[in-house]
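The opening residue of the sequence shown carries number 1 in full-length UniProt numbering; numbering runs sequentially from there. What follows is a short report on a single structure.
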Amino acid sequence: MKYLACFGEGSEVRWKISVLFLLWSSCQHMKVDEVGYGFTDNPSHFITVNIVMENFKDNIYFHMILHIATYSILKIIGRPEKKPGTPPPALAPAPPSPTPRPPSPPPAKVVATPPPSSINIPRFYFPKGLPNCAANYDEAIAKIEAAFTEFEEEKADIYELGKIAKACGCPLYWKAPMFICAGGERTGFVSVHSFIATWRKLLHSCYDDASKFIYLLAKPGCSYLEQEDFIPLLQDIVDTHPGLTFLKDAPEFHSRYITTVIQRIFYTVNRSWTGKINMTELRRSNFLQTLALLEEEDDINQITDYFSYEHFYVIYCKFWELDTDHDLFIDPKDLARYNDHASSSRIIERLFSGAVTREGRMSYAEFVWFLISEEDKKNPTSIEYWFRCMDMDGDGVLSMFELEFFYEEQCERMEGMGIEPLPFQDLLCQMLDLVKPECPGKITLRDLKRCRMAHIFYDTFFNLEKYLDHEQRDPFAVQKDLDSDGPEPSDWDKYAAEEYEILVAEETANEQLREG
Numbered sequence: 001m002k003y004l005a006c007f008g009e010g011s012e013v014r015w016k017i018s019v020l021f022l023l024w025s026s027c028q029h030m031k032v033d034e035v036g037y038g039f040t041d042n043p044s045h046f047i048t049v050n051i052v053m054e055n056f057k058d059n060i061y062f063h064m065i066l067h068i069a070t071y072s073i074l075k076i077i078g079r080p081e082k083k084p085g086t087p088p089p090a091l092a093p094a095p096p097s098p099t100p101r102p103p104s105p106p107p108a109k110v111v112a113t114p115p116p117s118s119i120n121i122p123r124f125y126f127p128k129g130l131p132n133c134a135a136n137y138d139e140a141i142a143k144i145e146a147a148f149t150e151f152e153e154e155k156a157d158i159y160e161l162g163k164i165a166k167a168c169g170c171p172l173y174w175k176a177p178m179f180i181c182a183g184g185e186r187t188g189f190v191s192v193h194s195f196i197a198t199w200r201k202l203l204h205s206c207y208d209d210a211s212k213f214i215y216l217l218a219k220p221g222c223s224y225l226e227q228e229d230f231i232p233l234l235q236d237i238v239d240t241h242p243g244l245t246f247l248k249d250a251p252e253f254h255s256r257y258i259t260t261v262i263q264r265i266f267y268t269v270n271r272s273w274t275g276k277i278n279m280t281e282l283r284r285s286n287f288l289q290t291l292a293l294l295e296e297e298d299d300i301n302q303i304t305d306y307f308s309y310e311h312f313y314v315i316y317c318k319f320w321e322l323d324t325d326h327d328l329f330i331d332p333k334d335l336a337r338y339n340d341h342a343s344s345s346r347i348i349e350r351l352f353s354g355a356v357t358r359e360g361r362m363s364y365a366e367f368v369w370f371l372i373s374e375e376d377k378k379n380p381t382s383i384e385y386w387f388r389c390m391d392m393d394g395d396g397v398l399s400m401f402e403l404e405f406f407y408e409e410q411c412e413r414m415e416g417m418g419i420e421p422l423p424f425q426d427l428l429c430q431m432l433d434l435v436k437p438e439c440p441g442k443i444t445l446r447d448l449k450r451c452r453m454a455h456i457f458y459d460t461f462f463n464l465e466k467y468l469d470h471e472q473r474d475p476f477a478v479q480k481d482l483d484s485d486g487p488e489p490s491d492w493d494k495y496a497a498e499e500y501e502i503l504v505a506e507e508t509a510n511e512q513l514r515e516g
């Protein structure tokens, strides 16, 4: 076993190879000391080699040493080789002994707080008005019962119901909606019991004028008003208002007047363009206040909003001039003749291409919207009306291509009149300075409403006559109009008043010619 010890696992691989080399080739031809010093520098290794060589003559020792050396070399080769000069890994220093720490204080007791109680948020949304907890409904019902005692059998027709409307604290001309809602249209009268049942139900569900008005006028279950819902109300105004008594002899104009008023109501009140007036829109408008003024003003022309007969007369006469066949419809050629062809053909085409109508013809009701929009381009509805016409691709933005498309025809018409038009690039710079759009190169509806110059902008692109008027007008006068804060009549009111005087003068002249 002493020979096995010299090939222990701690020996170098190269030294083991040296031993094998000695055994096979060198030991019989070299001296022992030469062999030892040639292959090892370690004295202990030299002694071991010397012992091996002294016993080498015995063949048994030879084979034993050969097998042991081979086995040891193969076993060591399988282990990772150490790089020469690499020091052994240093031992990790022992952790320092921990210093004694003072004892920690006992944890403080955590007092469990109960969760906060739920907060009761009071109701803040009242679509039908804020309820009046102090309202005495029994007292209101008693007033109504007392008013019915003045009528025979405590029954009232539509004309007598005006007193009941006042007893309810409502304007006089709410009487027709009240009459219909209480079932008077079926029998021709309303009994005290049917009216009180209707009014009590209304008081417990509607708390402001807007919700009450819609409750009375709308179809059952509807919370909005459509155009036909206004017909009974307006027919009652035509029949009973002192300023419209002359219409009793001209029943054919009743429907025309009612249609005009309805369109004016929706033009001003229905800001959502849905054809349905809801409570919010009604509250934001001045319609109910204007309706209440009718019982105080006998001259209906003094109420220029909605009900003026003079305004109706101007609108209907303008339409009658264009409607040559008098079928109450006009086509693009008829409309192009308005104001001596002032509007461009391209904007007329847009009106009939779906922006306003798709029927290929325009009804009288649609003409009401056109005329007000054409003569008052400062009105918010008018700004929206013409924006829809100019926005050809419907993307909500007026691009430079769309502006150039409409201005091309203006240039052609000016050249035909011998007027040198402004190049489009120069005009575009003027319009962008005028509107000051938020996004450069793109004009939105919001930009036009904010700049307060929408009327000049629109006339530049599709109304040549008004465009030339703007060009010749003093710019300081325009700024003065913008800076004025006092209440002034709208452009529509001014136009209607001027046109009415012209129409009356023409009618007077024609009568004189017929008499002479």
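The C-beta atom is built at its ideal place from N, Cα and C for all residues, glycine as well. Note that the structure is predicted; figures quoted are calculated from it, not measured.
Buried versus exposed, by CB contacts within 10 Å (16 or more), P171: buried
Opening and closing residue of the alpha helix (DSSP H) in which A147 lies: Y137 to F148
Strand pairing of N463, partner residues [DSSP]: S343
CA-to-CA distance, I383 to S399, given in whole angstroms: 17 Å
Contact under 8 Å by Cβ, E375 with Y500: no
Stretch pair the stretch 156-167 + the stretch 177-184: three plus CB contacts closer than 8 Å: Segments in contact, yes.
Residues of its chain near F401, where Cβ-Cβ distance is below 6 Å and the 5 sequence neighbours each way are ignored: Apart from sequence neighbours up to five positions away, no residue of its chain approaches F401 with a beta-carbon distance below 6 Å.
Local Cβ density within 10 Å of S205, reported as buried at 16 or more and exposed below that: exposed
Contact check, Q430 vs F461, beta carbons under 8 Å: no
Continuous alpha helix (DSSP H) assignments of at least 4 residues falling wholly in the stretch 227-267: Contiguous alpha helix (DSSP H) elements confined to the stretch 227-267 occur at 231-240, taking only those with 4 or more residues.
Close Cβ partners of C451 (< 7 Å) along its chain, the five nearest in sequence each way excluded: L434, V435 and K436
Length of the line joining the Cα atoms of Y207 and S353: Put simply, the backbone Cα of Y207 is about 44 Å away from that of S353.
For N278, three-class secondary structure by DSSP: strand
Span separating the alpha-carbon of K166 from that of S373: 37 Å
Chain-order list of residues whose beta-carbon lies under 8 Å from that of T245 (same chain, five-residue window excluded): none
Spatially closest choice to E295 from D459, P242 and T149, by CA coordinates: Of D459, P242 and T149, the residue nearest in Cα terms is P242.
Closest by C-alpha distance to F370, when choosing among Y316, P423 and D325: Minimum Cα distance to F370 is reached at Y316.
Exposure of H455, with buried meaning 16 or more beta-carbon neighbours within 10 Å: buried
Cβ pair E154, S191 closer than 8 Å: yes
Whether K276 touches Y215 by CB criterion (8 Å): Cβ distance not < 8 Å, so K276 and Y215 don't count as in contact.
Per-residue DSSP class, three states only, for T187: helix
Same chain, Cβ closer than 6 Å to N278, five either side skipped, listed in chain order: Y224
Boundaries (first-last residue) of the alpha helix (DSSP H) holding A182: For A182, no alpha helix (DSSP H) run applies, since DSSP gives it neither H nor E.
Where K219 sits in the DSSP three-state scheme: It is coil, neither helix nor strand.
Rounded C-alpha distance that separates C168 from I119: 39 Å
For T357 and E366, believed in contact at Cβ under 8 Å, the rounded distance: 6 Å
The stretch 137-144 contacting the stretch 260-272, beta-carbon criterion three pairs below 8 Å: no
Distance CB(L233)-CB(P177) smaller than 8 Å: The answer is yes: Cβ separation under 8 Å.
Inter-residue Cα distance where the pair is D305 and L427: 37 Å
Residue ranges of each alpha helix (DSSP H) within the stretch 333-407, 4 or longer: Listed in chain order, they are 345-350, 364-375 and 380-390.
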